[in-house]
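Going by the working numbering, the first residue of the sequence shown is number 115, and it counts up by one from there.
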Amino acid sequence: MRTSEIAKRFLDYFEQHDHLVVPSASLISPNPTTLFTIAGMVPFIPYLMGEQTPPKHRMASNQKCVRTLDIDEVGKTTRHGTFFQMLGNFSFGDYFKEEAIHYAYELLTTPQDKGGYGFDPEKLWMTTFTDDEEARSMWKNEGVDPEHIQIMGMEDNFWTTGGPGPGGPCSEIYVDRGPKYGVEGGPIADENRYIEIWDLVFENYEVDNVKSKTDLHIVGELENKNIDTGAGLERLAYLMQGKQNIYETDEVFPVIEAAQKLSGRTYGDDEAMDVRFRIVADHVRSALMIMSDGVRPSNNGRGYVLRRLLRRTVKAMRELGVTEPVMPTLLPTSKAAMEPSYPELNDTFHDVSEAAYGEEDAFRRTLESGTEIFDMAVTKAKQGGSDLVSGEDAFKLHDTYGFPIEITLEMAADQGVKVDEAKFRELMAEQKSRARADALKKRHNVDLSVYDDFKKTLLQPIDFLGYTDMSARAKVLGIMQEGKGSVPAVTGPANIEVILDRTPFYGNSGGQVGDIGMIESANERIPVVATEKENGLIIHIVTQLPENPEATFMAVVDPEKRQAAANNHTATHLMHEALRKV
Ligand code: GLY
Numbered sequence: 115m116r117t118s119e120i121a122k123r124f125l126d127y128f129e130q131h132d133h134l135v136v137p138s139a140s141l142i143s144p145n146p147t148t149l150f151t152i153a154g155m156v157p158f159i160p161y162l163m164g165e166q167t168p169p170k171h172r173m174a175s176n177q178k179c180v181r182t183l184d185i186d187e188v189g190k191t192t193r194h195g196t197f198f199q200m201l202g203n204f205s206f207g208d209y210f211k212e213e214a215i216h217y218a219y220e221l222l223t224t225p226q227d228k229g230g231y232g233f234d235p236e237k238l239w240m241t242t243f244t245d246d247e248e249a250r251s252m253w254k255n256e257g258v259d260p261e262h263i264q265i266m267g268m269e270d271n272f273w274t275t276g277g278p279g280p281g282g283p284c285s286e287i288y289v290d291r292g293p294k295y296g297v298e299g300g301p302i303a304d305e306n307r308y309i310e311i312w313d314l315v316f317e318n319y320e321v322d323n324v325k326s327k328t329d330l331h332i333v334g335e336l337e338n339k340n341i342d343t344g345a346g347l348e349r350l351a352y353l354m355q356g357k358q359n360i361y362e363t364d365e366v367f368p369v370i371e372a373a374q375k376l377s378g379r380t381y382g383d384d385e386a387m388d389v390r391f392r393i394v395a396d397h398v399r400s401a402l403m404i405m406s407d408g409v410r411p412s413n414n415g416r417g418y419v420l421r422r423l424l425r426r427t428v429k430a431m432r433e434l435g436v437t438e439p440v441m442p443t444l445l446p447t448s449k450a451a452m453e454p455s456y457p458e459l460n461d462t463f464h465d466v467s468e469a470a471y472g473e474e475d476a477f478r479r480t481l482e483s484g485t486e487i488f489d490m491a492v493t494k495a496k497q498g499g500s501d502l503v504s505g506e507d508a509f510k511l512h513d514t515y516g517f518p519i520e521i522t523l524e525m526a527a528d529q530g531v532k533v534d535e536a537k538f539r540e541l542m543a544e545q546k547s548r549a550r551a552d553a554l555k556k557r558h559n560v561d562l563s564v565y566d567d568f569k570k571t572l573l574q575p576i577d578f579l580g581y582t583d584m585s586a587r588a589k590v591l592g593i594m595q596e597g598k599g600s601v602p603a604v605t606g607p608a609n610i611e612v613i614l615d616r617t618p619f620y621g622n623s624g625g626q627v628g629d630i631g632m633i634e635s636a637n638e639r640i641p642v643v644a645t646e647k648e649n650g651l652i653i654h655i656v657t658q659l660p661e662n663p664e665a666t667f668m669a670v671v672d673p674e675k676r677q678a679a680a681n682n683h684t685a686t687h688l689m690h691e692a693l694r695k696v
């Protein structure tokens with residue numbers, strides 16, 4: 115059964131049981147504590163917490179998720195993917211344990227020709243939370259063999275998002291893959307043979323202070339007893355398609371096939387190479403889905419996660435022997451495989467692919483120059499009778515050749531040498547404080563910590579609109595004077611700094627000069643003489659205080675100055691390209 119059909123059957127089943135089916139929310143998490151949507155329940159947190167009224171008290175979705183915490187496990191196990199889809203049914207104070215258990219069991223065991231998944235009840239195993247006698251007797255009532263119902267503790271059977279919010283005991287459903295895959299004895303004996311496919315969370319607590327799975331604080335009971343379930347679509351797919359792992363399913367394997375053609379190697383011939391094939395298949399799909407939700411490669415936050423995925427793909431393909439560009443083949447292959455479930459991928463693919471190909475080109479250049487320097491550093495270490503690449507060399511690779519430290523570490527591991535990481539970090543810290551000191555000098559000894567403190571008070575990041583807009587409506591969030599904090603008392607001519615909630619003004623950074631322009635309200639016009647960028651804040655430098663900071667302003671960029679900056683920026687890129695060729 116195709117992955118898209120498995121998802122459809124889930125949503126159809128819950129729709130028939132009076133659930134409102136909603137489309138997947140964006141991968142960009144609405145929850146400020148995580149970069150990406152990490153579980154099907156994330157978009158529903160306000161309903162689970164009782165903070166908002168849901169459109170219906172029973173809902174269901176197939177949610178796109180990204181988790182990169184286990185990125186090093188990708189390709190090595192059967193079940194770790196950085197992108198995955200989570201099927202979920204939710205009850206916000208409507209049904210509770212008994213129905214959740216019944217629905218899951220019915221859908222899993224109903225024969226495929228009757229619209230279900232057709233799992234053999236003999237192959238299903240359940241785990242329940244320590245003292246949850248109730249759940250155990252409910253499973254028995256469904257007809258589950260009592261020997262197949264096991265008990266697990268906080269570590270496995272108490273679910274939270276990993277941060278403050280809803281949580282609760284859960285019951286997990288496993289499928290036995292058979293004696294070929296490990297020892298008998300159910301999930302408590304072997305989680306490789308017995309694969310977890312569905313987690314039913316009885317979410318009736320609020321938690322905070324979550325330090326680990328077993329160290330958290332239960333604030334109290336939520337107003338509602340909720341149900342939040344998560345079924346792993348990729349895991350269901352690989353089991354139902356008779357495959358060995360999530361990378362061999364219909365939505366992922368085409369990328370492995372394309373990588374086989376590019377490399378001339380055969381998947382299945384050599385375990386070390388197979389791991390690389392699987393990394394490529396996983397990462398290309400994750401990058402596609404993340405970019406389609408609007409993220410672009412950068413050096414921080416989501417953009418950095420994306421950059422790492424793209425770079426790891428290029429590196430794994432090199433290890434498979436391919437030094438030519440790979441993205442122009444692999445990305446459209448992944449798109450074609452995902453399109454049955456996400457037809458909207460087509461709408462953005464032109465921009466997404468341009469950005470991905472550009473990132474690959476840049477990284478290939480970095481790799482070419484950096485690999486040579488890296489090899490020299492290894493030879494130098496070995497000649498000195500050491501298996502340690504010096505922190506100075508690792509720093510030079512990073513600082514001069516833009517070679518990311520993760521790549522240095524991975525390449526060192528591949529060659530059986532180590533890197534003096536402590537020294538590298540020390541040199542990085544020194545460089546950072548040098549850069550801060552320089553910035554301080556340049557900006558008249560501004561105390562930059564004021565901006566850091568200000569940033570901590572913001573509820574959301576500043577919205578930069580300058581790639582698409584030259585003017586925007588905005589509110590003043592803060593006024594400072596050269597980093598000296600809030601300044602209602604500033605009077606004379608001075609560099610006054612205005613921070614807006616949203617702005618089309620480009621802040622001086624990355625070698626491009628900041629914008630100038632005007633901030634206007636119904637009653638006043640304040641010229642912006644420069645725009646700086648500091649720790650994610652966009653700082654409009656003005657020479658007069660707004661009379662009424664509460665007003666709504668229009669922030670208007672000077673188009674001539676911007677055009678000149680754009681021309682220079684383009685010319686700089688042309689110059690770089692010419693220099694590279696020379
Ligand atoms: N919220 C249930 C799960 O992610 O497993």
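Quick reminder that beta carbons are idealized off the backbone N, C-alpha and C, glycines included.
1. Would you call the stretch 563 to 575 in contact with the stretch 637 to 652, where contact means no fewer than 3 C-beta pairs closer than 8 Å?
2. For GLN264, count the other beta carbons within 10 Å of its own beta carbon; 16 or more makes it buried, fewer makes it exposed. Which is it?
3. For VAL315, is the beta carbon positioned less than 7 Å from some heavy atom of ligand 1?
4. With C-beta atoms as the reference, is GLU310 less than 8 Å away from GLY164?
5. Check whether the stretch 188 to 196 touches the stretch 349 to 368, taking contact to mean three or more Cβ pairs, one atom from each stretch, closer than 8 Å.
6. If you measure from the CB of ALA153, is any heavy atom of ligand 1 nearer than 7 Å?
7. In terms of alpha-carbon separation, which member of ARG694, MET155 and PRO618 lies closest to MET668?
8. Nearer than 7 Å: is that true of the beta carbon of ASP342 relative to any heavy atom of ligand 1?
9. VAL180 and PHE158 look like a contact to me (Cβ under 8 Å); what is the Cβ gap, rounded to whole Å?
10. Taking 7 Å as the cut-off, is the C-beta of MET452 nearer than that to any heavy atom in ligand 1?
11. Can you pull the DSSP bridge partners for ILE593?
12. From MET405 to GLU674, what does the alpha carbon distance come to, in whole angstroms?
13. Taking ASP407 as the reference, which of ILE302, GLU458 and LEU541 has the closest Cα?
14. Please name the residue, chosen from VAL627, LEU688 and ILE633, that lies closest to ARG94 on a Cα-to-Cα basis.
15. Note down the Cα distance separating GLY299 from ASP259, rounded to an integer number of angstroms.
16. When we look at the beta-carbon of TYR581 and count the other beta-carbons within 10 Å, is it buried (16 or more) or exposed?
17. Helix, strand or coil: how does DSSP classify SER140 here?
18. Under the three-state reduction of DSSP, which class applies to GLU247: helix, strand or coil?
19. Using three-state DSSP, classify PRO293 as helix, strand or coil.
20. Just reading off the beta strand (DSSP E) that PHE509 is part of, what are its end residues?
21. Please check the pair VAL671 and MET584, which I expect to be a contact at CB under 8 Å, by giving their CB distance rounded to whole angstroms.
22. Name, in chain order, the residues that DSSP records as bridge partners for THR622.
23. With DSSP collapsed to three states, give me the class of ASN681.
24. Can you look up ARG587 in the DSSP assignment and give me helix, strand or coil?
25. So, helix, strand or coil for TYR581, using DSSP?
26. Rounding to the nearest angstrom, what Cα-Cα distance links VAL604 and LEU659 in this structure?
27. With 16 as the cutoff for other CB atoms within 10 Å, does SER175 come out buried or exposed?
28. What is the rounded straight-line gap between the Cα of LYS237 and the Cα of ILE287?
29. Rounded to whole angstroms, what is the Cα-Cα separation between GLY606 and ALA588?
30. Give me the residue from GLY282, ASN318, ASN359 and ASP329 with the minimum Cα distance to TYR308.
31. Is the CB-CB distance between GLU348 and GLN199 below 8 Å?
32. Spell out the partners DSSP gives PRO169 in its beta bridges.
33. In its own chain, which residues sit with a C-beta less than 7 Å from the C-beta of TYR515, not counting the 5 before and 5 after it?
34. In the DSSP assignment, find the unbroken beta strand (DSSP E) run with ARG197 in it and report its ends.
35. Look at the alpha carbon of SER118 and the alpha carbon of THR167, and state the distance between them as a whole number of angstroms.
36. Quick one: grab the DSSP three-state call for ARG410.
Judging by the given coordinates:
1. yes
2. buried
3. yes
4. no
5. yes
6. yes
7. PRO618
8. yes
9. With a Cβ gap of about 17 Å, VAL180 and PHE158 do not count as contacting.
10. no
11. VAL612
12. 32 Å
13. GLU458
14. Residue 94 lies beyond the stretch modelled for the chain, which goes from 115 to 696, so this question has no answer here.
15. 13 Å
16. exposed
17. coil
18. helix
19. helix
20. From DSSP, PHE509 is part of no beta strand (DSSP E) but of the alpha helix (DSSP H) over 505 to 515.
21. 5 Å
22. What sits at residue 622 in the sequence shown is Asn, not Thr. DSSP, once it has assigned bridges, lists GLU646 as partnering ASN622.
23. helix
24. strand
25. coil
26. For VAL604, the predicted model reports a pLDDT of 47, less than 50, meaning its position is unreliable and no value from the coordinates is stated.
27. buried
28. 10 Å
29. A caution first: GLY606 carries a pLDDT of 49, below 50, which makes its placement in the model unreliable, though a value can still be read off. Roughly 25 Å between the two C-alpha positions.
30. ASN359
31. yes
32. Partner(s): none; PRO169 has no beta bridge.
33. THR480, SER483, GLY484 and ILE487
34. The sequence as given places Phe at residue 197; Arg does not occur at that position. That run of the beta strand (DSSP E) goes 197 to 206.
35. 30 Å
36. coil
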